[in-house]
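Structure, as structure tokens:
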Amino acid sequence: MQALGTIEAPVEDQGRKGLRILVVEDDASVAMELSSSLGAAGHDIIVVDDGLAALDTAASAIFDVMVVDRLLPHLNGEALVRALRTRGVSTPVLFVTALGTIADRVAGLESGADDYLVKPFAFEELHARVKALGRRNPGSEAELIRLRCSDLLMNRLDRRVFWDGAEVDLLPLEYRLLEVLLLNAGQPVTRMMLLEQVWGFRFDPRTNIVETHISRMRSKLEEAGGQRLIRTIRGAGYVITPPPPIAH
Amino acid sequence: MVLAFTVASLVARSDIQASTERTLRREILGEMTSLQDEVLRQGEGRLPVTLQRRTRLWRGFEYELIRPGQGAVAGRLDAGAGQSGWSVVSGRGKWGLGKTFLSFAQKTPSGALLIVGKNLFDLQQEMQTVTWRLAGAGFIGAMLCLGVWMVFAQETWRRLAIISDTADHVTAGDLSVRVPGAKARRRDDIDDLGDALNQMLDRIQGLIGQLRQVTTDVAHDLRTPLFRMRQKLERLERAKDLPLAHREAVGVLQDDLLELLRTFDALLKLSEIEGANLANDGVEVDVEEVARRVAEAFRPDIEDSGRTLAVEASPVTVKGHPDLLAQLVANLIENAMRHTPVGSALTVGAGVTAHGACLWVADNGPGIEPHLRQAVLAPYFRLSESRNSPGSGLGLSIVAAIAARHQARLRLDDNGPGLRVTADFDQAA
């Protein structure tokens, strides 16, 4: 859809673009929490409490994201996703489940899901991941060669970053960090998401290495351009966003 | 066995000796009777001649005839004064030492003393031969017994060694081993011992499994309400009209809750790693890449804290779980940061040794005293100096569990100065 990722709207506007989300959860109270919290964020929610029914629903209607529990009646989460993929339904799937071991996660992702959240989780985490999945156009992420935010330009082909034409020298990890933020520009990316996507850590180190790397990168960018693009949203994560337009 | 043989030989020997002696006596008596018969038939006058003739003919006997008042008048047996009946005459004079005679003395009709004797030397010789033969037979018998016993004992020792070996494996931490079952031969006590051990191990494994499940369930069950509490505190913290003192208190509560949640997560992780939940044996992991990636992730924090980091990694792969190996390195780095003073140098390395791959994190800080090095790996162990700092004390036990999961040996050595923690992957690749 987008050959060039050009972000111009501020963070808040992104929230208005609600996603159509299918929630497949048989525990009524969890389903209620999920749907009210996601609904409050501006998304359209449909809840199904059964795996087989979900298969029908997902195959017959278009959804931007599916939030699926692994333990379901009649057809469990994994089998559901596998069946959907076989039928060519490529809707991004986020598993939310109490099954939290490494083996569980591997099995879940192998069945065709795109992301995996272990209960209990913070809703900010859920929201960030749902939005990230909803934004993703399967297959087209690789086509986003140039990412831009205000005067910052990232060329993913030769892995170089420029501020207003002048190159910014970033270490590989810093580049990757910036890349993840830019791919999700305008939406918060949580610390856990960064740990996973930048460093491949599926554990939570005591040391806040994310914060340290972000602040180092901020210094480099601000040295180059003088503007603060990366904001920390407490409890939600980090977001890269153009500076707010100056109000007249 | 040997005792039995000795007793048997001694008994046999004395039997043989007794029997031989009886024969000897019979022979001597027989000869005496024959001589007395001749005296009765031919008179006593011819007796010396007879004795001389018989001596010359050598029937195996020695004789002596002592006439009262005249002393020995015939025969070579120098028996001395003597009296009737049996006696043992020991060698004198011309017979030399060592020659003893069993002799029988009897009065002739005229009152002279006739003595017939036989050399005991032969008997002694024979006894010696017999004794040697018996000893020899006894010895061979004993050796045979010993041989047979050793063959059976070897088998028994071997089977006992298998059981002992199984027990060692369990002590080393592997509860899944069992004593192999009886083969297609008759069951015996050792098989029963093996079975008993197996049943005991089943029970222990079951109990530990239950205990682990309880711990895991508790951790699971408590996480959700704790999590909710954390959410509420976060919302409270964001309240705009919260007084500063309350805000600070909320901050402290949040930190405490975070610690609690971390502890539960660590417990669950420990349980997962130690349990049989890791379904497969893993994939080929580029350990050099893991070491570098994790080290570089911590570099900014290490340098900001006033310490230095060096990476000494060369290409090496092991079969395992990249996520767990990354966590192992991360935990060790954080441990090193926490226990060294500002200015310390940290090193992360990976490489190949003679035994296989190895992964290490070293520092030049105060190190850990040798007697504490094993103890620090135990869950919840805290060195006295870090007792009040944040942390659950589970970090190193997770490291130990991950190492064990990969069949790696964890070593804590003196880094001269400092601490060097090495995971040796002794994988028979």
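Sequences listed follow chains A and B, in order. In terms of the numbering used here, the first sequence opens at residue 1 and continues consecutively. In terms of the numbering used here, the second sequence opens at residue 1 and continues consecutively. Ideal Cβ placement from N, Cα and C applies to all residues, glycine included.
Supposed close pair residue i, residue j - CB separation, criterion 8 Å
i      : j      : result
B:N364 : B:N331 : Not a contact, Cβ separation roughly 19 Å.
A:V23  : A:I45  : 6 Å
A:A83  : A:V168 : Not quite, the Cβ-Cβ distance comes to about 46 Å (not below 8 Å), so this is no contact.
A:A31  : A:D49  : 7 Å
B:A142 : B:F5   : 5 Å
B:P48  : B:V73  : 6 Å
B:A295 : B:V285 : Going by Cβ atoms, the distance from B:A295 to B:V285 rounds to 16 Å, so no, they are not a contact pair.
A:V210 : A:Q197 : So it is not a contact: roughly 11 Å between Cβ atoms.
A:A113 : A:V81  : 5 Å
A:H213 : A:L173 : 6 Å
DSSP beta-bridge partners of residue i
i      : result
B:T422 : B:W360 and B:R411
B:T100 : B:S90
A:R160 : A:N155
A:G237 : A:I233
B:Y63  : B:V116
B:G320 : B:V283
A:F95  : A:V68 and A:Y116
B:T308 : B:A345
A:V23  : A:V47 and A:V67
A:E78  : Answer by DSSP bridge pairing: none, since A:E78 is not bridged.
B:Q106 : B:L114
A:V168 : A:V161
Short Cβ contact (8 Å threshold) for residue i with residue j
i      : j      : result
B:C358 : B:T422 : yes
B:V89  : B:F104 : no
B:L114 : B:L65  : yes
A:L126 : A:L133 : no
A:L94  : A:V130 : yes
A:A59  : A:V89  : yes
B:L309 : B:I368 : no
A:D69  : A:D26  : yes
B:L233 : B:V250 : yes
B:D191 : A:I102 : no
B:A378 : B:S392 : no
A:R135 : A:Q187 : yes
B:K107 : B:S84  : yes
B:L346 : B:A403 : no
B:L123 : B:L24  : yes
B:A313 : B:E288 : yes
Min CB distance residue i to chain A below 8 Å
i      : result
B:T263 : no
B:E272 : yes
B:A401 : no
B:R212 : no
B:A423 : no
B:D301 : yes
B:E234 : yes
B:H220 : yes
B:R405 : no
B:N277 : Confidence in B:N277 is poor, its pLDDT being 48 and thus under 50, which makes the residue's placement unreliable; the coordinate value appears in the next sentence. By this cut-off, B:N277 is an interface position.
B:R293 : yes
B:E369 : no
B:H321 : yes
B:V151 : no
B:T224 : yes
Chain B within 8 Å of residue i, Cβ atoms only
i      : result
A:T97  : no
A:P120 : yes
A:H213 : yes
A:I230 : no
A:G235 : yes
A:T101 : yes
A:T190 : no
A:L173 : yes
A:G88  : no
A:P92  : no
A:G39  : no
A:R202 : yes
A:T241 : no
A:P138 : Low confidence applies to A:P138: its pLDDT is 48, below 50, so where it sits in the model is not reliable, and the reading given next is rough at best. Not closer than 8 Å to any Cβ of chain B, the Cβ of A:P138 fails to qualify, so no.
A:E199 : It is worth fixing the name first, because residue 199 of chain A is Trp in this sequence and not Glu. It does: the Cβ of A:W199 has a partner Cβ on chain B nearer than 8 Å.
Distance cut-off 7 Å: residue i Cβ against heavy atoms of the ligand HEM
i      : result
A:K119 : In terms of ligand content, the structure shown is empty, and the ligand HEM therefore cannot be addressed.
| query | Counting pairs of Cβ atoms below 8 Å between the region 195-215 of chain B and the region 226-244 of chain B, do you hit three or more? | reply | no
| Taking three-plus beta-carbon pairs below 8 Å as touching, is the region 228-243 of chain A in contact with the region 178-196 of chain A? | The region 228-243 of chain A vs the region 178-196 of chain A: in contact.
| Does the region 300-315 of chain B come close enough to the region 262-275 of chain B to have 3 or more Cβ pairs within less than 8 Å? | no
| Would the region 128-135 of chain B and the region 12-22 of chain B be scored as touching if the rule is three or more Cβ pairs under 8 Å? | Three or more beta-carbon pairs drawn from the region 128-135 of chain B and the region 12-22 of chain B are found closer than 8 Å, and the two stretches are therefore classed as touching.
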